[in-house]
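Please read the structure below before turning to the comments.
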Amino acid sequence: MKLYFEMYSGISGDMVIGALLDLGASRQKLIDAIESLGLEGYRLRFDRAIKNTISAYKFSVEVDKEMEQHLTFDKKKLKKKLAKAQVPKFFLQINKHEHSHEHSCSCGHDHGEGCSCDHDHEHDHVHGEDCNCSHDHEHSETCSCNHNHDHDHECNHEHSHDDNHSHDHENSNNLELNYDSMYNIGDEDLHYHLQDEIKHDLHHHEHNHDHHHHHNDLAHIFEIIDRGNFSYIAKENAKRIFDIIAQSEAKAHGIAKDEVHFHEVGSIDSIIDIVGACVLIDDLGVEEIYFSDLYEGIGVQKTMHGNMPVPVPAVLNIINDYGLKLNIISEQGEHITPTGVAIVANFIGKKRPESFEVKKIGIGAGSKDFKKTTNILRIMEIETGDSNSLEMIETNIDDATGEMLGYVMEKLEPLSLDTFFTPIFMKKNRPAYKLSVLCTKENVAEVERLIFKHTTTIGVRKYKVDRTVLERSIQTLGIGDIDVQVKIVENEDEVYVYPEYESAKKLADTMGIPIKDSYNVIINSFIN
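Quick look at the structure:
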């Protein structure tokens, strides 16, 4: 199978999975593969979405963000540890986070001790101990309000959400903590948030707080991928995609690749996106993937390092390192994610064909809604021109030795579907050979170059040819300790079996039988 990715509205990991599922990839294989990773605190969603009146497959991952990065500890024990660690009082009083939410409020004032307003604020203000308001603010240690957060704290992980986000706080003996390397408390480096434990609505895969959390560095992510129950090819592709991202992040921050800690990409949903895309591509039996040019918007994108120009450094580094073609469109917002462009960099191969036949279309929906562009990714199953429309290059040669002709044939075979000589007679009744090379349009120029370089000819003929081919596949059989290959050809209801010559030769030499008999042995083994 050959696929064509049309990326006129960008690309992201969830868009790739949605389009592949819409194309017919196995949803159950995706679920089984992700479950085998042993991740917790997530739920997979499979929906349809309408993007600018276009129906698309919407794949998404719901992750309990606090469960993903946090541990819960007993408050009384924690306070003792904090005291022993001699933590500055400032960190016990101020609880600032860095979440990005959409809020709106018409008031513009500071709130004092007795504030009980019930609306959202996009500014920071400090409350006294008795505050019971419901809005964005900085807390003192004893604040017990219900509110939406506009958090801003410095730590080595990023929270970025585009939806309204609320937490219900209760008085409890538990505190929620995040991993970081600020103060050593007990055996682990913790960055603490002195807020009451957040209640969670756990989805599908519940999170067990009794296990150890790791930073999401490259080695840790590779461990997660390796424990998965899916093909070796899918695992290697997933690792390469993460490696591509690690290299781009290292380049952006001027550090070694192994020092990169994945924050946005290393979260559960991105691990699922990358592994899921590789599993589905493998499930479809994809042989080649072609890609359109990349299209990116303008403006800035919020990241843990502040506002970054679009495309963000990680995306731009991958585009530069892999020679990808980028177009900028007059649409505000990020269209290309690091995960999306890394998938392109990993799978990109041959030049996009000028023409092809579309067999099937899958449409994946993104999470954004743009004014000018439709946030979808189209993946097409295609049949390229080199399957049935080819180029034939010919030349007549009457003054070359057999050695020369044999040499040029060896050079041409990797570029051709077929290379052969035909005995002919030229003018004055001179015996000669016609060299014929059947190749794709993309290889015509290189074939001509080799013919002129390695033969005595001074001209070639070329013309288009059409061909009709039967469906075929290669299978491997075990005969004793010998692996042999057979070509399986299907024609309507009939199936033909053709042993590969090298396999027949190997079997004949090993068993000490005539090669004509080895063909029969292979065919009988296949039938039985």
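In terms of the numbering used here, the sequence shown opens at residue 1 and continues consecutively. Where is the CB? At the ideal position from N, CA and C, for every residue including glycine.
Annotation: E331 to L37 spans about 37 Å, alpha carbon to alpha carbon. When I329, D32 and F370 are compared, the shortest CA-CA separation from R227 is found for D32. Contact between F5 and I319 fails: their C-beta atoms lie close to 15 Å from each other, not under 8 Å.
DSSP places A49 within a strand segment (E or B) once states are collapsed to three. With a beta-carbon spacing of about 5 Å, M7 and S292 fall inside the 8 Å limit used to define contacts.
Here the C-alpha atom of L294 lies approximately 8 Å from the C-alpha atom of I336. For S367, the closest of K51, L477, L30 and L3 by C-alpha to C-alpha distance is K51. Straight-line measurement puts the Cα of D64 at about 14 Å from the Cα of R45.
Its chain contains M1 and A25 as the residues whose beta carbon lies nearer than 6 Å to that of L284, once the 5 sequence neighbours on both sides are disregarded; these appear in chain order. Beta bridge pairing from DSSP links M380 with Y4 and I361.
Every unbroken stretch of the beta strand (DSSP E) spanning 3 or more residues and falling wholly within the region 407 to 481 is given here in chain order: 418 to 425, 431 to 439, 461 to 466 and 471 to 479. Contact check for E381 and K359: beta-carbon distance about 4 Å, within the 8 Å limit, so the pair qualifies. The shortest C-alpha to C-alpha distance from S436 to any of T419, D269, T384 and I298 is the one to T419.
Of all alpha-carbon atoms in E354, P311 and G41, the one lying nearest the alpha-carbon of E442 is that of E354. Judged by DSSP in its simplified three-state form, H261 adopts strand.
In the same chain as P313, and ignoring 5 residues on each side of it, the C-beta atoms closer than 6 Å to its own belong to A252, in chain order. Its Cα nearest to that of S518, the residue I482 stands out among F230, I482 and R48. Around the beta-carbon of E296, 16 or more other beta-carbon atoms lie within 10 Å, marking it buried.
In this structure, DSSP gives G13 a helical state, which the three-state scheme calls helix.
For L30, the enclosing alpha helix (DSSP H) stretches over residues R27 to E35.
By the Cβ neighbour-count rule, V465 is exposed, with fewer than 16 other Cβ atoms within 10 Å of its own. Relative to G10, the option among K371, E334 and V444 whose CA is nearest is E334. Only residues of its own chain outside the window of five on either side were considered, and among them L450 and H454 have a CB closer than 8 Å to the CB of K411, listed in chain order. In terms of Cα proximity to I34, the closest of M15, N528, I224 and E492 is I224. Between G306 and R352, the alpha-carbon positions lie close to 37 Å from each other. If only uninterrupted alpha helix (DSSP H) runs of at least 4 residues are considered, those enclosed by the region 211 to 290 are 218 to 226, 232 to 253 and 268 to 283.
Here A219 has D258 as same chain residues with Cβ atoms under 8 Å from its own Cβ, once five neighbours each way along the sequence are excluded. V315 is the residue among G340, V315 and S267 whose C-alpha sits nearest the C-alpha of E249. A56 carries a strand assignment under DSSP once its states are collapsed to helix, strand and coil. Inclusion of I272 and F347 in the CB contact set at 9 Å is not warranted, their separation being larger than that value.
In terms of Cβ geometry, I363 and I376 form a close pair [threshold 9 Å].
If you check the CB distance, Y463 and T384 do not come in under 9 Å. In this structure, I361 sits away from V460, with a CB-CB distance that is not shorter than 9 Å. T395: not part of any alpha helix (DSSP H); member of the beta strand (DSSP E) spanning S389 to I397, first to last residue. The continuous beta strand (DSSP E) containing I329 extends over residues L326 to Q332.
For I298, the uninterrupted beta strand (DSSP E) segment begins and ends at L294 to I298.
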